[in-house]
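Chemist: Structure in structure tokens, see below.
Protein chains: 4
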Amino acid sequence: MSECPYFEKRHLLFKIKPPLEDDEDSSQEGVNKASKGGVVYGDYLQLDKITTAQVLQSELKGNKIHDEHLFIVTHQAYELWFKQILFELDSVREIFISGHVRDERNMLKVNTRIHRIVMIFRLLVDQFAVLETMTALDFFDFREYLSAASGFQSLQFRVLENKIGVPDNLRVPYNRRHYRDNFKGHDSKTLLQTEQEPTLLKLVEEWLERTPGLEVDGFNFWERLKINIFDGLNVEKEKIEKMPESEEKEELTAELVKQREIFTSLFDEKRHDHLVSKGERRLSYKALQGALMIYFYREEPRFQVPFQLLTSLMDIDTLMTKWRYNHVCMVHRMIGSKAGTGGSSGYLYLRSTVSDRYKVFVDLFNLATFLVPRHWVPKLNPNVHTFLYMAECCDSSYCSSEDSD
Amino acid sequence: MSECPYFEKRHLLFKIKPPLEDDEDSSQEGVNKASKGGVVYGDYLQLDKITTAQVLQSELKGNKIHDEHLFIVTHQAYELWFKQILFELDSVREIFISGHVRDERNMLKVNTRIHRIVMIFRLLVDQFAVLETMTALDFFDFREYLSAASGFQSLQFRVLENKIGVPDNLRVPYNRRHYRDNFKGHDSKTLLQTEQEPTLLKLVEEWLERTPGLEVDGFNFWERLKINIFDGLNVEKEKIEKMPESEEKEELTAELVKQREIFTSLFDEKRHDHLVSKGERRLSYKALQGALMIYFYREEPRFQVPFQLLTSLMDIDTLMTKWRYNHVCMVHRMIGSKAGTGGSSGYLYLRSTVSDRYKVFVDLFNLATFLVPRHWVPKLNPNVHTFLYMAECCDSSYCSSEDSD
Amino acid sequence: MSECPYFEKRHLLFKIKPPLEDDEDSSQEGVNKASKGGVVYGDYLQLDKITTAQVLQSELKGNKIHDEHLFIVTHQAYELWFKQILFELDSVREIFISGHVRDERNMLKVNTRIHRIVMIFRLLVDQFAVLETMTALDFFDFREYLSAASGFQSLQFRVLENKIGVPDNLRVPYNRRHYRDNFKGHDSKTLLQTEQEPTLLKLVEEWLERTPGLEVDGFNFWERLKINIFDGLNVEKEKIEKMPESEEKEELTAELVKQREIFTSLFDEKRHDHLVSKGERRLSYKALQGALMIYFYREEPRFQVPFQLLTSLMDIDTLMTKWRYNHVCMVHRMIGSKAGTGGSSGYLYLRSTVSDRYKVFVDLFNLATFLVPRHWVPKLNPNVHTFLYMAECCDSSYCSSEDSD
Amino acid sequence: MSECPYFEKRHLLFKIKPPLEDDEDSSQEGVNKASKGGVVYGDYLQLDKITTAQVLQSELKGNKIHDEHLFIVTHQAYELWFKQILFELDSVREIFISGHVRDERNMLKVNTRIHRIVMIFRLLVDQFAVLETMTALDFFDFREYLSAASGFQSLQFRVLENKIGVPDNLRVPYNRRHYRDNFKGHDSKTLLQTEQEPTLLKLVEEWLERTPGLEVDGFNFWERLKINIFDGLNVEKEKIEKMPESEEKEELTAELVKQREIFTSLFDEKRHDHLVSKGERRLSYKALQGALMIYFYREEPRFQVPFQLLTSLMDIDTLMTKWRYNHVCMVHRMIGSKAGTGGSSGYLYLRSTVSDRYKVFVDLFNLATFLVPRHWVPKLNPNVHTFLYMAECCDSSYCSSEDSD
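From first to last, the protein sequence lines stand for chains A, B, C and D.
Residues 6 to 410, numbered by our numbering, are exactly what the first sequence covers, in order.
Residues 6 to 410, numbered by our numbering, are exactly what the second sequence covers, in order.
Residues 6 to 410, numbered by our numbering, are exactly what the third sequence covers, in order.
Residues 6 to 410, numbered by our numbering, are exactly what the fourth sequence covers, in order.
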């Protein structure tokens, strides 16, 4: 009806296909012409719920403040989108958990949905511009009525963080309390439960560990890379040693020492485990190798889509920290920092969450430290090429695309 | 609680001020610590309604299609924001209707709220990027289940158009039916009713007609402007006539004729009324004069904020047409144009609504045709300066800012 | 130096690798510490050119108008980005022309660069918001000084249109003249030349025609699809015929007739050629088949990246029309439409370019008209699966990624 | 010509008005038809400079890397916009320095230009999305060729910071060196010089100090406010003391103590000066009073535009820190953090600049700490109303709008 012609009549036709029940059409009898053959727009979207859920506390208290309406609607829009993000995230996690990800045909779906989360977060970052049309003075007029209802005391957002993989022990405490203690009984249980489910981080880690080419008795990427790097560094060293003494030679020598240290750290598994224990790295040593392999061979058909996935995961991390930062900026404007007043500052708490501690896929960023010239990357021999291409054929079971939902 | 520190404890303090009932705090007894002193975040936002309103028709029909969830959430987000826009729009209309706009102190509020509508529309235009992560093929998988529930069969959007001032008789019919006939009983009545309320266009028109300086027995802007323009054109004419014959002279002469025609049309009230009757102009002749006056004297303190208002009204028009156009683009991608298939096309209907017929404040754009050099604009004499400034003092009644809501 | 630490000293190290000349470092002797080892930021970016290229005509004419500076800078920013788009476009066209596209390893590169063009156009659409801070009145103050220097009389933009594939004969004439006649000698030649080079449309067409699976003596997608569709329609027909007489039955029957017409048109090659001759379709019949095949089998690993490419090509088309539409909106605001003045309108010319005639990949949108239920899509048999996967192995030659530039 | 019809022929007409020299038109003789009557588009924009300024270092070194072109163009686009921001900023500073700001008619201009800077920064924040299409691996391929040419070693950006008011002594040192020492001779001098010019911060401070209503022998806003606040706090205290003993009473009492401390700090001039000396406040005590006065009386016609200005100044600060933060995010992705490698990190340096130390108008944010209920704000008596309105009339001299450029 109305103006959007998404649904041309032709679809009536396809309605008579198997998945539909026979009694579906008879159930429409007696229905007004406008809704003939199906559900009406407003009912479909349950607008009776959505557009009646704006109750101003200030109005209840007898002092209606205009801008509270914007405050409510903005937060509801955030929650709607959080719901959508969780829906996408759960479906992606399910594809990994069920093992469907081993069928390469499902990678497009994984990628598309992760990319959709990226696009939603991009919108959410922009959405602050709307709430910023409210000034500190407008906000002051009604914030007293909100009391404990903290603006972003959002269960869905905490669940989202948990499911992506923000670890419990890296969270900044608030009010000197564990983050979970700021929620009530049922919600607190939900949070505990989501902490125990496999996170996106964990699932991606397992998938990276299976990257073809890492096998020690196969292509053995890691060993080959190590050899190439230290060979390369030795060649550099010889070159530098042949140079006449000069300030430049000294600098280059110093640089070389630093380089060697950096790469030595890369191949030091104990050091890796130590960094993991401190929370500075998050992926297993093997998963890290898989990620670096995908980086270096991203142009191989087998790795093009996986490479896009790693990029999108970094996008999510980046956008979540940008969201946090935009939030901080808005809070600064709304309530000030209380610097120099003797008052305690929630603003400063929030600032502390804009930190690499909250970047789940921080290793994917930090791998940039370990890039090497293209000619140091181990060459794939023709067999490995074939191996990589054929990998997709190993899985002969057909996995219908929508089954995995 | 949780992380957002909008609501520091200090507000407990102000809770004890007059508008609050005594029994408010006693009602909190026995409440869990987390919600102490007030409403809890999830209850405040009625998230039980908002986050449970996503029912997939495809799932009901036994064939759950993943992307339908995005489709629902996106449309719900649009409806949430339409609700907010209507809330702002109604409050602005109320300020005009009640006459509070005559107190200059309310202009900041009018401007801020209109600007907020602009910011929301900017978000809504960007929001298409999220829905565009769904492909035509994803959409095809579930669109049959939607049947009559047209994607943008939105009552709120039609109400919004009516309240801004899209006139009934300029609407493109859909399905050969009047737009209202595409809605059912109660909704249809709502639409009829909003057509009969004073539109934003009408209210702005009345306000423009009162622009100080238009008074025939006062500054008489319109007459002065007319004199200056035709004097100016005559001076040009004389200059051109003195030039030696040349191609350039001919061109300039032709241009001058055209100029004279254009300005003659401006001062021809009958022509204006004719254009109004055809829907090519929307404002009364006097309101048009007021708008042009605000344009020319925008730097006068008295006119700075009114000028911003006119600019924001054009922004709304522009963004609404951009929204329509983005919608058209998405529909093209989702269902094709059916060009060359023999099928009828809703896409083409939609395209026809991306038209100046739907620009409510089209006159504010078209006034750009009638700009003149600064030295043709009638000078304000010192008295008029004072008059303009003093205008604000005329209103001595104090109008508390939130009373008008 | 300064603050951006992109370039840590470690890179000094790699500087001593083969492609670098020995004398490079000696050329740095005597250079200030700040630029040691290489080019200085300002020199590198040639800022002496970039930031001195703003000469205001109004200032030259003795009447400096502030806002002309914004006008110049905005247009220069557009031209900078057009240069970048052309650079990406040329590199992609080169990969196609050289045949490197047959090596699947280059598809990531093609996709990334086309996606980059998408991101740039998204920025360019947003960029109008900056120029819109200039009002019609500000513009009026200096537009007389610009005379013939039309705001978007941009050679690069025309070249861009030509290289993507806007055909000469579908262009709307301006000033009753062929578009090329609005440019002078050398520029006009450049335009003619770019019309004769292979367009992106043409190159993509050739690539689509090679889609594996189209071979008549192989999988023969087109014939199988045709059979499935008409079988499907027949099954529907039988179902409907068994229904008792009713209004619904009539509707469904009518719908079925329409459906059959639509699909009959799809398999009618002569009709296709006729639509091509009218400019309503742009791709060859075979390329259309390839595109539909990629749509239907998008989840096959072999087709995931090609499917992304088709999506990005539609993005470019969409964003270019959005850019045109935003341009139209701004021009309306700047100079009005002249409706009802007797003046001729450039605004109306511009509006006419926001048309499907200027959508180069219009067929990719319109294919949405021909989607079918998943169970009508011909099943790939295991051999074809293998065939598809193996296709990538056919090309054994190694194609270094940057050689193709 | 071409498609943009900004410049209709009619403007030829106005060309013959006073400010134009007689010989202007004769200078056009013999010019090609396309450029008749004026400058040609490409010449006007000096595209010969703009579009030829992309020289790839990697190409010069014999190893052309495709993505370096994007790197160059993006930075050039940033520099173009920095040029525009500086142009607007200088013009606004000139209006303040010359005293033209005392003519209220110039406030629209100030506001519009500051708002334009806001819009440009918004674009610059978004612009990172384009550069982010380059991956760490693409960047690695050419970053060695850039050596010392640091990505954002931008003189214009430093000048911009100086002119807005980032103070020398609050800057984070880089490479253990003063920021200025990272620039060469001439540029270093330019920086020193801009440090000594009146900053936007300083000029706004002086303007705030003149806010009408602050006069001790007049309305005496500050004294009245102080009285009202402490009266208000005393009333609260009495209310609380009357409550029966309870946990709530204790909390409220504690809160009240905190409130009193906060407001005591507000009225403590010595404390203010101490905070200024530490860099935690930037405005003079009197200017702070003016800002708070504008906040509280923002709806008075006299203060509506000033209030918008204060809001825009916060926008600039916010967007500059967002820009810095986006920059940090991109650098993290491009070069990693080097955490745990032994390498020193430029990333960490950059992070340290995303700090309130770099927020010039930090006081305008922090004033949110000192908001009070509306009924505590001193009432304007009718005389003061008049006084405020009349303030604008004091300046009788006419200040032509463009003279101030």
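Each residue gets a CB set at the ideal place from its N, CA and C atoms; glycine is no exception.
This structure is a prediction, so every number in the text was calculated from the model and none was measured.
Counting only beta-carbon atoms, is GLY35 of chain D nearer than 8 Å to chain B?
Modeler: In this prediction, GLY35 of chain D has a pLDDT of 31, which is less than 50 and means its spatial position is unreliable; nothing more can be read from the coordinates.
Chemist: Report the neighbours of GLU305 of chain C on chain A: residues whose CB is nearer than 7 Å to its CB, in chain order.
Modeler: ARG110
Chemist: When the distance is taken between beta carbons, is TYR290 of chain C closer than 8 Å to GLU274 of chain C?
Modeler: yes
Chemist: Going by other Cβ atoms of all chains shown within 10 Å of its Cβ, with 16 needed for buried, is GLN158 of chain D buried or exposed?
Modeler: Buried is the call here.
Chemist: If you scan the region 78-159 of chain C from start to end, which runs of the alpha helix (DSSP H) of 4 or more residues do you find wholly inside it?
Modeler: 112-136 and 141-151
Chemist: Once you ignore the five residues that flank ASN116 of chain C on each side, which residues in its own chain have a CB closer than 8 Å to its CB?
Modeler: VAL310, GLN313, LEU314 and SER317
Chemist: Report the neighbours of LYS327 of chain B on chain C: residues whose CB is nearer than 9 Å to its CB, in chain order.
Modeler: LYS327, TYR330, ASN331 and CYS334
Chemist: How about LEU206 of chain D: is its C-beta nearer than 8 Å to some C-beta of chain A?
Modeler: Not an interface residue.
Chemist: State the Cα-Cα distance for the pair MET335 of chain B and GLY67 of chain B, rounded to the nearest angstrom.
Modeler: 28 Å
Chemist: Apart from the five residues on each side of it in sequence, which residues of its chain come closer than 8 Å, Cβ to Cβ, to SER193 of chain A?
Modeler: ARG185 and ASP186
Chemist: Leaving out the 5 sequence neighbours to the left and right, which residues in its chain are closer than 6 Å to VAL177 of chain C when beta-carbon positions are compared?
Modeler: If we look at VAL177 of chain C and ignore the five residues flanking it on each side, its Cβ neighbours are SER357 and THR358.
Chemist: Beta carbon of HIS380 of chain C, beta carbon of LEU355 of chain C: below 8 Å?
Modeler: Not in contact: HIS380 of chain C and LEU355 of chain C (Cβ atoms no closer than 8 Å).
Chemist: Determine which residues share a DSSP beta bridge with ARG338 of chain A and list them.
Modeler: In the DSSP output, where bridge partners are listed per residue, ARG338 of chain A has none listed.
Chemist: Which residues, in order along the region 181-203 of chain D, keep a beta-carbon less than 9 Å from a beta-carbon of chain A?
Modeler: Hits within the stretch: zero.
Chemist: Beta-carbon within less than 7 Å of LEU65 of chain A's beta-carbon, same chain only, minus the 5 sequence neighbours each way: which residues are those?
Modeler: none
Chemist: Output the boundary residues of the alpha helix (DSSP H) element that contains TRP381 of chain A.
Modeler: No alpha helix (DSSP H) contains TRP381 of chain A, which DSSP labels as neither H nor E.
Chemist: At a Cβ threshold of 8 Å, is GLN309 of chain D touching chain B?
Modeler: It does; some Cβ of chain B falls within 8 Å.
Chemist: Any beta carbon from chain F within less than 8 Å of LEU113 of chain B's own beta carbon?
Modeler: Of the protein chains in this structure, namely A, B, C and D, none is chain F.
Chemist: Can you tell which of A:VAL135, A:ALA141, A:PHE126 and A:THR269 has the C-alpha that lies nearest to the C-alpha of VAL135 of chain B?
Modeler: A:PHE126
Chemist: Quick check on the burial criterion: 16 or more other C-beta atoms within 10 angstroms. Buried or exposed for ILE340 of chain A?
Modeler: buried
Chemist: By how many angstroms is the C-alpha of LEU151 of chain A removed from the C-alpha of GLY47 of chain B?
Modeler: 12 Å
Chemist: Give me the Cα-Cα distance between PRO249 of chain B and ARG163 of chain D, rounded to the nearest whole angstrom.
Modeler: Approximately 55 Å between the Cα atoms of the pair.
Chemist: Is ALA58 of chain B helix, strand or coil when you go by DSSP?
Modeler: DSSP places ALA58 of chain B outside both helix and strand once states are collapsed to three, so it counts as coil.
Chemist: Quick one: grab the DSSP three-state call for SER282 of chain C.
Modeler: helix
Chemist: By how many angstroms is the C-alpha of LEU52 of chain C removed from the C-alpha of LYS283 of chain D?
Modeler: Rounded to whole angstroms, LYS283 of chain D to LEU52 of chain C spans 37 Å at the Cα level.
Chemist: Of the residues that make up the region 52-66 of chain B, which ones have a beta carbon closer than 8 Å to any beta carbon in chain A?
Modeler: LEU52, LYS54, ILE55, THR56, THR57, ALA58, GLN59, VAL60, GLN62 and LYS66
Chemist: Since ASN239 of chain C is in the alpha helix (DSSP H), which residue starts that stretch and which ends it?
Modeler: 226-247
Chemist: Go to PHE170 of chain A, then tell me how far its alpha helix (DSSP H) extends in each direction, as first and last residue.
Modeler: The sequence shown places Gly at residue 170 of chain A, rather than the Phe named in the question. No alpha helix (DSSP H) contains GLY170 of chain A, which DSSP labels as neither H nor E.
Chemist: Taking the straight line between their C-alpha atoms, what separation do you get for GLU34 of chain C and VAL45 of chain C?
Modeler: With a pLDDT of only 30 at GLU34 of chain C, under the threshold of 50, the placement of this residue in the model should not be trusted; the figure read from the coordinates follows. So the alpha carbons of these two residues sit roughly 14 Å apart.
Chemist: Using the rule of at least 16 other Cβ atoms within 10 Å of the residue's Cβ for burial, across every protein chain shown, is LYS114 of chain C buried or exposed?
Modeler: buried
Chemist: Tell me whether SER2 of chain C sits in a helix, a strand or coil according to DSSP, three-state version.
Modeler: The structure shown does not extend to residue 2 of chain C, since chain C is modelled only from 6 to 410, so the question has no answer here.
Chemist: PHE145 of chain D versus chain A: which residues are under 7 Å apart at the beta carbon?
Modeler: LEU376
Chemist: What separation, rounded to the nearest whole angstrom, lies between the Cα atoms of PHE272 of chain C and LYS231 of chain C?
Modeler: If you take the alpha carbons of PHE272 of chain C and LYS231 of chain C, they lie about 7 Å apart.
Chemist: What do you reckon, are the CB atoms on ALA373 of chain A and ALA141 of chain D nearer than 8 Å?
Modeler: yes
Chemist: Would you please state the rounded distance, in angstroms, between the beta carbons of VAL367 of chain B and ILE234 of chain B? I believe it to be under 8 Å.
Modeler: The pair is not a contact, with the Cβ atoms about 23 Å apart (cut-off 8 Å).
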